[in-house]
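Chains as they are written, first to last, in our numbering: chain A, 1 to 260; chain B, 1 to 338.
Positions of the beta carbon are idealized from the N, C-alpha and C atoms, including for glycine.
One structure is given below, encoded as structure tokens.
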Amino acid sequence: MKELIIDSYYVAWRELKKYFRQKTRMMVTVIQPFLWLALMGNAMSGLTNNPMAAQFLGTGNYLTFMTPGIILMTVMFTSIFSGTTVVWDRRFGYLDKLLAAPIKRGAIPFGKMFAAAVQGLFQAVVIIIVALLFGVRFQSGFLGILMILLIAGLLSFILAGFSLALSVKIKTIETLMSLINLFMMPLMFASNALFPLKVMPKWLQVIAKINPITYAIMPMRDLTVKGWAYNIWIYLLVILVIDAVVMLWTNTVFKNATAE
Amino acid sequence: MNEAIIVDNLKKTYSNGVEAVKGISFSVHYGEIFGFLGPNGAGKSTTIKTVIGLLKPTSGKIILDGYDVQKEPYKARLSKGYASQETAVDDRLTAYENVYLQGKFFHMKEEDIKKNAEELLKMFNLWERRNDLVETFSGGMMKRLDIAAALIHRPRILFLDEPTLGLDIQTRAAIWEYIRKFKENGMTIFLTTHYLEEADALCDRVAIIDQGKIMALDKPGVLKSEIGGDLITLTFSENTNGDIKDFLEAVKEKEGVKSVSEMKNGIYSIVVEKNGDKMIPELFALASKFNVGISSVRLKRPTLDDVYMKYTGRTIREAESSRDENAKNRLITRRMKR
């Protein structure tokens, strides 16, 4: 166990060293939330002038409704591409090096998942700061913000793990990208990340209710809009269970991975 | 225990049906440089990857440093270093970070990594550039770094897959020097190559591998001597007065001459048992006796290429060109499957 953690740490160390060296990527990370909140928020703010819509959204401020959604989307898009690092590593032979090293095999995906979560959370923190500047107030306070980050991190783990498990058998970036896109769009739109459940058609509501994204966004939104609600812990539990399943899955996949 | 690697009847068939290795057995002694010589696609990389546990063998047994690779993969991994054909260094990390990370993957202590990394990077002439990103390095520097990283934990057995592929002559010579030095320090080295000179210059023993089978295995000198002796080729001056036929008859009578024959367009070949260089002056003495003018003479020592030719019926270059096609086709079919 101790070895697994140490090995994972150094796999993550490698990814993060490279991440924080990419100046352009870092800049985009900071600029993106400004664009989202300023453009989207402004364009849609007319919506909340309608009292009916305001009731659906649960808040009179569309930006407040949007912020958890933006955090979620950013975290999703950062972590779901985690698998591309494995495809790259395979391409230039580094994956063989990792597989040949006496590290715990599970450390390869876990390290990369951890790195993806750190990247996602770094972006989430930037978004929260920008949102606060735009006047968004989190009803659950500072502890609530920490809870939002925890949930975002756990979701990041799930998506990165999913993408990593797929990547083991995939030889090209293009194949992985198209597979990811296949899953991402339905996951996004069949959840209440962008629109509240209540305004969705019935059939879409059913899909949204079995979508893991929903279980991340619901507590995040509640913490932002409503404050601490009792069912946050249930959502957290569901997410933790999905996390455990994904970790077991990636561990098995990487344990059996060969250079073939 | 005096064998570093024992491979017994190893077979590897890929999931797409390609039989890369068709039942090979060999063993590598501790402290020797053992070479796998063969064209691309002969099964060299597959063998190396199976021996270090990157690929699962279809059948057969592999013992590495006393550990069964399939039963105790973790222990078997500890005693070996591996530098792959692809030069797997992370080009967005610095040279030092690459080596450091490798040390960490082998669970080394911080101070040991520091000490070994400094020694290795200095030895490989990379110390001044240790804090530069690897993407600024030349191909030769990357290769040196890759080998340095493979050595950070001082492995007992070092695996080098095509260590000088695509490198210029100076870099290649430098890498040969390093490899010899490792051997002096008691390391066992298993390398694959499709350069005949490399196998000849470095290896204590060479296995010639073709189409997934070992065709011959011995010391390079022994393999070469099996081919026969040195080859002297001669051409005669056009306006020679003497009788060429009589001269050739006389040559045939000489001690140590195995055969004399005309190859083509007036080029004659003389095969001698050994010491072809000493035979040449004697030939000239004989030629002047018969009043025959020799216009050119060439001495050829048997090379591993001739050995390769003997066992496979082709030169290594001929094998390469047809293999390239096969490899390309295989890659295409493999991609289509995904």
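Counting along the chain, the unbroken alpha helix (DSSP H) around Asp246 of chain B starts and ends at Ile244 to Glu253. In chain order, Glu86 and Ala88 make up the part of chain B whose C-beta sits under 7 Å from the C-beta of Phe92 of chain A. In the structure shown, Met263 of chain B adopts extended strand secondary structure according to DSSP, grouped into three states. Counted as a single uninterrupted DSSP element, the alpha helix (DSSP H) harbouring Lys75 of chain B occupies residues Pro73 to Leu78. Just measuring C-alpha positions, the residue of A:Pro109, A:Ile173, A:Ser8 and A:Gln119 sitting nearest Met76 of chain A is A:Gln119. In the three-state scheme derived from DSSP, where H, G and I count as helix and E and B as strand, Thr303 of chain B is classed as coil. Judged by DSSP secondary structure, Ala4 of chain B falls within the beta strand (DSSP E) whose first and last residues are Glu3 to Thr13. For Arg25 of chain A, no Cβ of chain B is located within less than 9 Å of the residue's own Cβ. Counted as a single uninterrupted DSSP element, the beta strand (DSSP E) harbouring Phe34 of chain B occupies residues Ile33 to Leu37. Going by DSSP, Glu15 of chain A is part of the alpha helix (DSSP H) stretching over Lys2 to Tyr19. For chain B, none of the residues of the region 235-252 of chain A brings a beta carbon within less than 8 Å of one of its beta carbons. For Glu110 of chain B, the enclosing alpha helix (DSSP H) starts and ends at Glu110 to Met123. Taking a Cβ-Cβ threshold of 7 Å, none of the residues of chain A is close to Arg129 of chain B; the smallest such distance is about 17 Å. Distance from Ile80 of chain A to Met220 of chain A at the Cβ level is roughly 17 Å; contact not present, criterion being Cβ atoms closer than 8 Å. In this structure, DSSP gives Ala117 of chain A a helical state, which the three-state scheme calls helix. At least one CB of chain B lies nearer than 9 Å to the CB of Ile6 of chain A. Shown here for Arg92 of chain B: same chain residues with a beta carbon closer than 8 Å to its own, the five before and five after excluded, namely Leu133, Val134 and Glu135 in chain order. When DSSP reads this structure, Arg144 of chain B sits in no beta bridge, so it has no partner.
Under the 10 Å beta carbon count, Ser45 of chain B is surrounded by 16 or more other beta carbons and is classified as buried.
The way I'd put it, the region 142-160 of chain A does touch the region 235-249 of chain A; three or more beta-carbon pairs between them come closer than 8 Å. In the assembly as shown, Ser25 of chain B is an exposed residue. Its beta-carbon has fewer than 16 other beta-carbons within 10 Å. Following the DSSP letters along the chain, one finds Val206 of chain A in no beta strand (DSSP E) but inside the alpha helix (DSSP H) bounded by residues Lys202 to Lys209. Distance check between Leu101 of chain B and each of B:Asp146, B:Pro57, B:Gly139 and B:Glu86 places B:Asp146 closest, using alpha-carbon atoms only. Of the candidates A:Leu204, A:Lys198, A:Ile173 and A:Lys171, A:Leu204 places its Cα closest to the Cα of Pro186 of chain A. Closest in C-alpha terms to Leu248 of chain A, from the list A:Ala124, A:Asp7, A:Gly106 and A:Ala229, comes A:Gly106. Contacts between Ile62 of chain B and chain A, judged by CB atoms closer than 8 Å, are missing: the closest CB pair is about 14 Å apart. Within the DSSP bridge table, the entry for Ala216 of chain B names B:Ile208 as partners.
Counting along the chain, no beta strand (DSSP E) covers Phe77 of chain A; the unbroken alpha helix (DSSP H) around it starts and ends at Tyr62 to Ser79. Judged by DSSP secondary structure, Leu191 of chain B falls within the beta strand (DSSP E) whose first and last residues are Thr188 to Thr193. Nearest to Gly242 of chain B by alpha-carbon distance, out of B:Val69, B:Ala117, B:Ser15 and B:Ala287, is B:Ala287. Per DSSP, reduced to three states, the secondary structure at Lys22 of chain B is strand. Residue-level contact check: Leu78 of chain B touches chain A, since one or more beta carbons of chain A fall below 9 Å from its beta carbon.
Counting along the chain, Leu187 of chain A sits inside no beta strand (DSSP E); it lies in the alpha helix (DSSP H) bounded by residues Ile173 to Phe189.
Nearest to Lys122 of chain B by alpha-carbon distance, out of B:Ile152, B:Phe105 and B:Gly38, is B:Ile152.
As computed with DSSP, Val272 of chain B is found in a beta bridge with B:Asp230 and B:Val257.
Contacts between Ser15 of chain B and chain A, judged by CB atoms closer than 9 Å, involve Glu260 in chain order.
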